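Just so it is clear: in the sequence shown, position 51 is 982 by our numbering, and no numbers are missing. For glycine and all other residues, C-beta sits at the position ideal for the given N, C-alpha and C. None of these values were measured; they are calculated from a predicted model. Report on the structure given below.
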Amino acid sequence: MLETALALAAAAHKTATELDISVVVSVVDTHGNSVLLHRMDGAPLHSLDIAFRKAYTAASFDVDTESLTDLVQPGQALYGLAVNSGGKLIAFGGGAPVELAAGVKVGLGISGGTTAQDIQVLKAAITSYQQTAGSLAPEIGT
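Below, the structure is given as structure tokens:
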């Protein structure tokens, strides 16, 4: 799992560099435990917490965090989610579950740019992982 987290972080780092932004990359396991936290030089301090919360939320709900944005608005089904979770959950773009071998998943969170940039970095990291997953498969679960 660590090898996969490192590959996701490297891909995110590459894309963030191309966008001229500094981000934090967080990867958590299915239980919400941190597997990797990668902070690029110059990434905002608050992004450490936000990236983790995006990864944690993605792992907890098994959904892209952007898809929760409308659901947490006043009067909607998940209104109050962030407050009632002790601040662990977050509902804006930049987090997603990533499926590894044998159905194992991790939560990936990106923070440091605008929400649109975080989503762009997230998608690039996932795409890069999916394109190279075969070469990482022997490492998964070790």
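- Contact annotation: Val-1052 and Ala-974 have beta-carbon atoms that are not nearer than 7 Å.
- One alpha carbon belongs to Leu-968, the other to Ala-982, and they sit about 9 Å apart.
- Shown here for Ala-1008: same chain residues with a beta carbon closer than 6 Å to its own, the five before and five after excluded, namely Leu-1002 in chain order.
- Here Gly-973 carries a coil assignment [DSSP, helix/strand/coil].
- The C-beta of Thr-935 has 16 or more other C-beta atoms within 10 Å across all chains shown, which makes the residue buried.
- A residue is called buried once 16 or more other Cβ atoms fall within 10 Å of its Cβ, and Leu-933, having fewer, is exposed.
- With respect to Gly-1025, Ser-998 sits apart: the two C-beta atoms are not nearer than 7 Å.
- The beta carbon of Thr-1000 lies closer than 7 Å to those of Ala-1022 and Phe-1023 in the same chain, with the five residues before and after it left out.
- Residue Asp-993 holds the alpha-carbon nearest to the alpha-carbon of Glu-1030 among Asp-980, Leu-1020, Arg-984 and Asp-993.
- Going by C-alpha positions, Ile-1050 is about 11 Å away from Lys-985.
- The beta carbons of Leu-1039 and Val-954 sit about 12 Å from each other, so the pair does not count as a contact at 8 Å.
- By the beta-carbon neighbour count (other beta carbons within 10 angstroms, threshold 16), Gly-1018 is exposed.
- Rounded to the nearest angstrom, the gap between the Cα atoms of Asp-995 and Gln-1048 is 15 Å.
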